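In the numbering used here, the protein residues as written are 614 to 1009. Just so you know, even glycine gets a beta-carbon here, dropped at the ideal spot from N, CA and C. Computed from a predicted model, the values in this text were never measured in an experiment.
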């Protein structure tokens, strides 16, 4: 093509230098026009036809491939091929155009492979049954892909062998290790976390060091994204989960219940012995009669502590309440006494594990305890308030 245009210009008595210069410009313009036409055909018309075919398809993977612009990346190969075919027609810079076109094709292939990798990640992550996240591994492959692709493109542009460039990079290994230290640490941590099933997307984790207490919503090679219950977002370096401790509530969610462990403080002055008359008085209360009949039937007791009765009743209440999992450990016990009274600890597992329902069960339990404790003539310890001191001063 160049020679035809050049001969045509020479026929108009132009100098060889001028005709050669103009011929190169004309060939360059024709190349741009054909490249643009190739781009329009592939990215406008062919892509629209392909989009209609994909919309009618029942498969979801082709929709994701189109959304990730995988086919658009392939569309860039067409104008690159046009440039490559025209490169030999130039009288100057033909080798440069050739290298540029080959580099363009290589980059298009790299971005196509990258789009396929992102599609694989999206399809895999969309399946909630998939336990092990692969986003970190996909990101690792992407790093290798772009690193090797970048070296290959650089080698093509400067006309150096790929292995020659790799050997040069080998001499910079120490520098690269320093630059990519965090990435390498995160890679090692990500492999350990996923291989040992320590964490996955959707897990509830707590990590006080980073102020994290919520669900894992994203796992990448370098960071773990956690959405706290107050909807704030926390980004934790992946390696930090290996170097520091964190709490994963997955065990609780997979078990038969969520633990309730709370104390009430009994006033020492209210602890006393109950005789038969006081016990009979308790029997008159409908909600206590069944418990007392069963409890007293098993033993002959003339005098018993009101605290013992109350403690045994709470155990009875838990055993007969279907909101608690009695197949798991449950106990009502008192701990070492303190200046605030005698701690009575209730340790039981609620069948409800989600936050709102669990808090509801826990609140109902202690609201009931606060309501019935007076029947046993027990008092919950409470620090004196202003009204207490006011009443004392008035009485004096």
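Would you mind reading off the limits of the alpha helix (DSSP H) that contains residue i?
i, result
"residue 685", "683-688"
Let me know the secondary structure DSSP gives residue i once reduced to three states.
i, result
"residue 661", "helix"
"residue 856", "helix"
"residue 896", "helix"
"residue 615", "Confidence at residue 615 is low in this model, with a pLDDT of 48, below 50, so the placement of that residue is unreliable and no value is reported for it."
"residue 819", "strand"
"residue 672", "coil"
"residue 947", "strand"
"residue 996", "coil"
"residue 925", "helix"
"residue 846", "strand"
"residue 861", "strand"
"residue 758", "helix"
"residue 721", "helix"
"residue 667", "helix"
"residue 793", "coil"
"residue 917", "strand"
"residue 909", "helix"
"residue 991", "coil"
Tell me where the beta strand (DSSP E) around residue i begins and ends.
i, result
"residue 826", "825-832"
"residue 960", "955-963"
"residue 986", "That residue, residue 986, is in no beta strand (DSSP E); it is neither H nor E in DSSP."
"residue 838", "836-841"
"residue 810", "Here residue 810 belongs to no beta strand (DSSP E), and DSSP marks it neither H nor E."
"residue 874", "871-879"
I'd like to know whether the C-beta atoms of residue i and residue j end up nearer to each other than 9 Å.
i, j, result
"residue 812", "residue 830", "no"
"residue 958", "residue 974", "no"
"residue 922", "residue 905", "yes"
"residue 918", "residue 886", "yes"
"residue 674", "residue 725", "no"
"residue 855", "residue 800", "no"
"residue 835", "residue 850", "yes"
"residue 966", "residue 865", "yes"
"residue 759", "residue 723", "yes"
"residue 736", "residue 677", "yes"
"residue 840", "residue 821", "no"
Could you pull out every residue in the same chain whose Cβ sits closer than 7 Å to the Cβ of residue i, ignoring the five residues on either side in sequence?
i, result
"residue 660", "684, 685 and 688"
"residue 648", "692, 695 and 696"
"residue 989", "919, 922 and 923"
"residue 824", "847"
"residue 929", "904"
"residue 770", "712 and 716"
"residue 845", "none"
Taking 8 Å as the limit between beta carbons, can you name the residues of its chain near residue i, skipping five residues before and five after?
i, result
"residue 768", "774, 775, 777 and 778"
"residue 991", "879, 880, 883, 884, 919, 920 and 923"
"residue 981", "930"
"residue 714", "693, 694, 696, 697 and 700"
"residue 663", "679 and 684"
Below 6 Å CB to CB, which residues in the same chain sit around residue i once its five sequence neighbours on both sides are set aside?
i, result
"residue 931", "937, 943 and 961"
"residue 910", "none"
"residue 652", "692"
"residue 762", "723"
Q) Is the number of C-beta pairs between the stretch 948-968 and the stretch 872-881 that are closer than 8 Å three or more? A) Touching, yes, given that three or more Cβ pairs across the two stretches are closer than 8 Å.
Q: Could you say if the stretch 692-701 and the stretch 746-760 meet the contact criterion of at least three C-beta pairs nearer than 8 Å?
A: no
Q) Using 8 Å as the Cβ pair cut-off and three pairs as the minimum, do the stretch 934-945 and the stretch 863-875 touch? A) They touch, by the three-pair rule.
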